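Reviewing the structure listed below.
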Amino acid sequence: MNCENQMAMLRRLQEMEFVAVELNLYLDTHPCDTDAINDYNCAVERIRKLKKEYEEEFGPLMHFGHGGYSAKDHWQWAMGPWPWEI
Amino acid sequence: MWIYEKKMEAPVRVSCPDVKFAKMVITQYGGPDGELSASLRYLNQRYSMPTDKVKALLTDIGTEELAHMEMIAGLVYKLTDGATCEDFKAAGWEGQFVQHDHGLFWTDANGIPWSAKYIACLGDPITDLTEDMAAEQKARTTYEHLIACTDDPCVKDTLRFLWQREVVHFQRFGEALNDVQEWMTKSKHVWCGCDREKGEK
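One line per chain: the protein sequences are A and B, in this order. If you read the first sequence in the numbering used here, its first letter stands for residue 1, the second for the next number, and so on. If you read the second sequence in the numbering used here, its first letter stands for residue 1001, the second for the next number, and so on.
Have a look at this one:
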């Protein structure tokens, strides 16, 4: 089902983005940890792929130009479900 | 500049509605040690910080706290899903229904509205970072109280995530405080208690 697939994709993205958040905070206070920088960059790469996959099927995950193109015939950004409804 | 990503930072799930617990959880929305207080405190303090390290950290943690506030909103939304006036009355939260229906609002668990008095910014990096560390501990403790007050395993999972984040934030602020103290002694920005100007021998 499309709905289950959307949830699964969102879950994978949630996990990867959490890795990036955690590394980001760590690097703010440990800016010289090159291993951590490498891990962060790997997470960025992974997130790019997951986001592209998600957005191609379900439309932009971010607004103001950060989420890529909208489908030409309908404004995908505003479409539900919104996060508190999932 | 803030950009919004249309997803929760972590899953927000409830097994079933529980208006009584929603009334308790709301303290992390608009209460003294809640996520709104945290995000506004950090995002505001960053303007008077001396080093890039701490400006970055306050920006990032402040932004993450906005995402946590969204998770609490999601919890309250689901805990009150489909609740009637009678459900609110039974939960002792009829005041909320009367004033807001299913709308959310920033209050603590006793209905006291959010106030800027919950946060401070004295412009002194050591003072402000110490406040931030205390804030994270207070939030952690509040999450422990909330986790103890529910049997719902889904709700416990969501709260446990938020609890873990407070622990990590406390750690990061501690590191930033050490860094800022080093910077202040190097730049002779610490007042030694005498009448001479700061920076003079």
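Even for Gly, the Cβ is constructed at its ideal location relative to N, Cα and C. Please read these numbers as outputs of a predicted model, since none were measured by experiment.
At the level of alpha carbons, what is the spacing between B:S1015 and A:F64?
Using only the alpha carbons, I get a separation of about 35 Å.
Indicate the three-state DSSP secondary structure (helix, strand or coil) for B:P1113 in the structure shown.
Three-state result, B:P1113: strand.
Taking the alpha carbon of B:A1139 as the point to measure from, which residue in B:W1002, B:H1102, B:V1167, B:M1049 has its own alpha carbon closest?
B:A1139 has its Cα closest to that of B:V1167, out of B:W1002, B:H1102, B:V1167, B:M1049.
Quick check: what's the CA-CA separation for B:F1170 versus B:Q1164?
Taking the straight line joining both Cα atoms gives about 10 Å.
Let me know the secondary structure DSSP gives B:K1201 once reduced to three states.
Its pLDDT being 49, under 50, B:K1201 is placed unreliably in this model, and the value from its coordinates should be taken loosely. Reduced to three states, the DSSP call for B:K1201 is coil.
Closest Cβ-Cβ distance between B:G1062 and chain A: below 8 Å?
No, because no Cβ of chain A sits closer than 8 Å to the Cβ of B:G1062.
In chain order, what residues of the same chain lie with their CB nearer than 6 Å to the CB of B:E1094, ignoring the 5 residues before and after it?
Here the set comprises F1088.
Helix, strand or coil for B:T1084? Go by DSSP, reduced to three states.
If DSSP states are grouped into helix, strand and coil, B:T1084 belongs with coil.
Between the alpha carbons of A:P83 and B:M1184, how many angstroms are there, rounded?
Looking at the two C-alpha atoms, the distance is approximately 43 Å.
Taking DSSP as the reference, what is the three-state secondary structure of B:E1144?
Three-state DSSP puts B:E1144 in a helix.
Does DSSP put B:M1024 in a helix, a strand or coil?
Three-state result, B:M1024: helix.
Against B:V1168, what residues of chain A qualify as contacts under a CB-to-CB distance less than 8 Å, listed in chain order?
Going along chain A in sequence order, the residues near B:V1168 (Cβ under 8 Å) are E22, L25.
Excluding five sequence neighbours on each side, which residues of the same chain lie with their C-beta closer than 7 Å to the C-beta of A:D39?
Closer than 7 Å at Cβ, skipping near neighbours: L23.
Closest to B:F1021 by CA distance: which of B:A1091, B:I1126, B:W1114 is it?
For B:F1021, the nearest C-alpha among the options comes from B:A1091.
Do the CB positions of A:M16 and A:L50 come within less than 8 Å of each other?
Contact flag set, yes.
Apply the 10 Å Cβ neighbour rule to B:I1112 and answer buried if 16 or more other Cβ atoms are within range, or exposed otherwise.
Exposed, because fewer than 16 other Cβ atoms sit within 10 Å of the Cβ of B:I1112.
If you draw a straight line from the C-alpha of B:L1043 to the C-alpha of B:D1060, how long is it?
Each residue's alpha carbon lies about 9 Å from the other.
The alpha helix (DSSP H) spanning B:V1209 covers which residue range?
In the structure as shown, chain B begins at 1001 and stops at 1201. Residue 1209 of chain B is therefore absent and cannot be evaluated.
I'd like to know whether the C-beta of A:Q6 is nearer than 8 Å to at least one C-beta of chain B.
No, no contact with chain B.
Can you find at least 3 beta carbon pairs, one from the segment 1035 to 1053 of chain B and one from the segment 1142 to 1154 of chain B, that sit closer than 8 Å?
Contact fails: fewer than three Cβ-Cβ distances are below 8 Å.
Answer with buried or exposed for A:R48, where buried requires no fewer than 16 other C-beta atoms within 10 angstroms of its C-beta.
The residue is exposed, with fewer than 16 neighbouring Cβ atoms inside 10 Å.
So is A:C3 buried or exposed if we call it buried at 16+ other beta carbons inside 10 Å?
That one is exposed.
Would you say B:K1023 reaches chain A, if we count a Cβ-Cβ gap shorter than 8 Å as a contact?
Chain A contact via Cβ: absent.
For the segment 27 to 49 of chain A, which residues have a CB atom closer than 9 Å to at least one CB atom of chain B, in sequence order?
So the list reads L27, D28, T29, H30, P31, given in the order they occur along the chain.
By the 7 Å beta-carbon criterion, what residues does the segment 1017 to 1048 of chain B contribute toward chain A?
Cβ contacts with chain A: none found.
When you compare the CB of B:L1057 with every CB in chain A, is at least one pair closer than 8 Å?
B:L1057 counts as touching chain A.
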